[in-house]
Amino acid sequence: MYEQKTKETDADVIEFIESVDNPKKRQDAYELLELFEQTSGFPAKMWGPSIIGFGSYHYVYKTGHEGDAPLVGFSPRKAKISLYFATGDEKRGPLLEKLGKHTTGKTCVYINKTDDVDLDVLQQLIRQSIDFLQDLYPDKLN
Numbered sequence: 159m160y161e162q163k164t165k166e167t168d169a170d171v172i173e174f175i176e177s178v179d180n181p182k183k184r185q186d187a188y189e190l191l192e193l194f195e196q197t198s199g200f201p202a203k204m205w206g207p208s209i210i211g212f213g214s215y216h217y218v219y220k221t222g223h224e225g226d227a228p229l230v231g232f233s234p235r236k237a238k239i240s241l242y243f244a245t246g247d248e249k250r251g252p253l254l255e256k257l258g259k260h261t262t263g264k265t266c267v268y269i270n271k272t273d274d275v276d277l278d279v280l281q282q283l284i285r286q287s288i289d290f291l292q293d294l295y296p297d298k299l300n
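Below, the structure written as structure tokens:
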């Protein structure tokens, strides 16, 4: 049976941010922490060893695979800062065009630093992602 790797933990978010080696990334992590908390309305929680998540939802795929995930989140990784939003949200494109310097992967948006992006647009992405998940999983949010 599959066991989900990334789960909410009791690890301390501030301790994790303080463990980030790069001073600029650490500063950006604090800025993102405040922005995500204020915008989402959820307190920060650690998910696995390195993702700071806000809120949560229970998903169930057509295959039957299910689990829990943060509504939105970020991780100040060594190479880039990963921003986590809902997968499958096709309305995200126009906002990403306005975000600023970033790259995208299958599930993440990557930025080098917060100075590279429009923080107002980032707030819109956070809200849109949460709205998308609330519509998709209306009875599964925490």
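Numbering (the numbering used here), first residue to last: 159 to 300.
Using N, Cα and C, we set each Cβ at its ideal position, and we do this for glycine too.
**OP:** Check S208 in the structure and name its three-state DSSP category.
**Re:** Under the three-state reduction of DSSP, S208 is assigned to coil, being neither helix nor strand.
Subject >> Burial state of I172, where buried means 16 or more other Cβ atoms lie within 10 Å >> reply: So I172 counts as exposed.
Subject >> Closest residue to T272 among T197, K264, L241 (Cα-Cα distance) >> reply: The shortest Cα separation from T272 among T197, K264, L241 belongs to L241.
Original post:
If you follow the beta strand (DSSP E) that L241 is part of, which residue opens it and which one closes it?
Top reply: It spans 239-242 - the beta strand (DSSP E) in which L241 sits, taken as one unbroken run.
Original post:
Using the rule of at least 16 other Cβ atoms within 10 Å of the residue's Cβ for burial, across every protein chain shown, is D297 buried or exposed?
Top reply: Exposed, by the Cβ-count rule.
**OP:** Report yes or no: do three or more beta-carbon pairs, one from the segment 247-267 and one from the segment 219-231, lie closer than 8 Å?
**Re:** With the cut-off at 8 Å, the segment 247-267 and the segment 219-231 do not touch.
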